[in-house]
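Colleague: Numbering (this note's numbering), first residue to last: 5 to 219.
Glycine included, each C-beta is placed from N, C-alpha and C at the ideal position.
Being a predicted model, the structure only gives us computed values, none of them experimental.
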Amino acid sequence: MMWVLGLTGGIGSGKTTVSDLFSAHGITVVDADVIARHILDQGTPALAAVTERYGKQALTDNGSLNRGWLREKIFAEPEEKDWLNQLTHPLIRSQLLEELEAAASPYVILSAPLLVENNLTRLCDRVLVVDVSEETQRQRTLARDKVSNDQIEQILAAQASRNERLAAADDVINNEGTLSELAPQVKALHQDYLGRAHLKRAREKALQTDQGQED
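The structure is reproduced here in structure tokens:
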């Protein structure tokens, strides 16, 4: 089995920047957000189900998902969020497992903003949390996504709290600073994870050898 690092962080924490830095070291990143977006691409069964439930208002003029409309819908109506999760989560999980298994790098990263909330931590050998203050989350999200303050607060409320994420962490990256301050943290952790992944492979190989001798 591949050694899996779970990577998470609240909205605006810079989780994608961190995963890009790991990727630059040659590590495969399986991104739950990317998979979730493609689950609802044009022509997919999931998008057909969304269209059947909400009608053409859920689509853009070219027939793709109107993601802004759907985002507002599920945050305004919690029961609709539950319905969407029941539709997409099994599909996302299946694709996640497939991509994790196919990874060819020394270890693989499972990047998910809801890693803790969706209990994806049990797929991971170790959990890394990208941590910033809630005020930094608000400022970065407002600058990046141009959404309302109310929507930012709804997103923050829907995610695990900062304390809940930190409680699940084996390692923490502080991302309050600059990219130049971030990169050395990633490099040091990468070296540590290479060693841990190598140790897991050695233990599994030894176990297989022992079992073969018993047979």
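Starting from Asn167, trace the alpha helix (DSSP H) in both directions and tell me its first and last residue.
Modeller: It spans Arg166 to Ala172 - the alpha helix (DSSP H) in which Asn167 sits, taken as one unbroken run.
Colleague: Can you give me the C-alpha to C-alpha distance between Gly181 and Gly13, rounded to a whole angstrom?
Modeller: C-alpha separation (whole angstroms): 15 Å.
Colleague: Any idea if Asp135 is buried or exposed, counting beta-carbon neighbours within 10 angstroms, 16 or more meaning buried?
Modeller: Buried, because 16 or more other Cβ atoms sit within 10 Å of the Cβ of Asp135.
Colleague: Pro188: buried (16+ other C-beta within 10 angstroms of its C-beta) or exposed?
Modeller: So Pro188 counts as exposed.
Colleague: Would you give the residue range spanned by the alpha helix (DSSP H) that Gly72 belongs to?
Modeller: Here the alpha helix (DSSP H) through Gly72 covers Arg71 to Ala80.
Colleague: Can you tell me the Cα-Cα spacing of Glu185 and Gly47, whole angstroms?
Modeller: If I take the Cα positions, the gap works out to 43 Å.
Colleague: So for Leu119, helix, strand or coil by DSSP?
Modeller: In the structure shown, Leu119 sits in coil (DSSP, three-state: anything other than H, G, I, E or B).
Colleague: List the whole-angstrom C-beta distance separating Leu91 from Ala50, where the pair is believed to meet the contact cut-off of C-beta under 8 Å.
Modeller: Yes, they are in contact, since the Cβ atoms of Leu91 and Ala50 sit about 6 Å apart, within 8 Å.
Colleague: What's the call for Gly110, buried or exposed, on a 16-neighbour Cβ count within 10 Å?
Modeller: In the sequence as presented, Gly is not what sits at residue 110; that position holds Pro. Flag for Pro110 reads buried.
Colleague: Nearest to Arg126 by alpha carbon, out of Ala172, Glu103 and Asp45?
Modeller: Checking every option, the nearest Cα to that of Arg126 belongs to Ala172.
Colleague: So what does Thr12 bridge to, in DSSP terms?
Modeller: For Thr12, which the question treats as bridged, DSSP gives the partners Val133.
Colleague: Could you name the residues of the same chain whose beta carbon sits closer than 6 Å to that of Gln158, not counting the 5 residues immediately before and after it, in chain order?
Modeller: Here the set comprises Phe79.
Colleague: Taking the alpha helix (DSSP H) that Val54 falls in, what are its first and last residues?
Modeller: First-last of the alpha helix (DSSP H) with Val54: Pro49 to Tyr58.
Colleague: Among the residues of its own chain, which have a CB less than 6 Å from the CB of Pro94, if the five just before and after it don't count?
Modeller: The answer is none, since no qualifying residue turns up.
Colleague: Under DSSP, the alpha helix (DSSP H) around Thr125 begins and ends at which residues?
Modeller: From DSSP, Thr125 is part of no alpha helix (DSSP H); its letter is neither H nor E.
Colleague: Pick out whichever of Trp87, Val33, Glu81 and Arg41 has its Cα sitting closest to the Cα of Glu56.
Modeller: With distances taken between Cα atoms, Glu56 lies closest to Trp87.
Colleague: Roughly how many whole angstroms lie between the Cα atoms of Leu100 and Val131?
Modeller: The straight-line gap from Cα to Cα measures roughly 16 Å.
Colleague: Which of the three DSSP states is assigned to Thr64 in this structure?
Modeller: Thr64 falls in the coil class under three-state DSSP.
Colleague: Would you check if the distance between the CB atom of Ala116 and the CB atom of Thr32 is smaller than 7 Å?
Modeller: Going by C-beta atoms, Ala116 is not nearer than 7 Å to Thr32.
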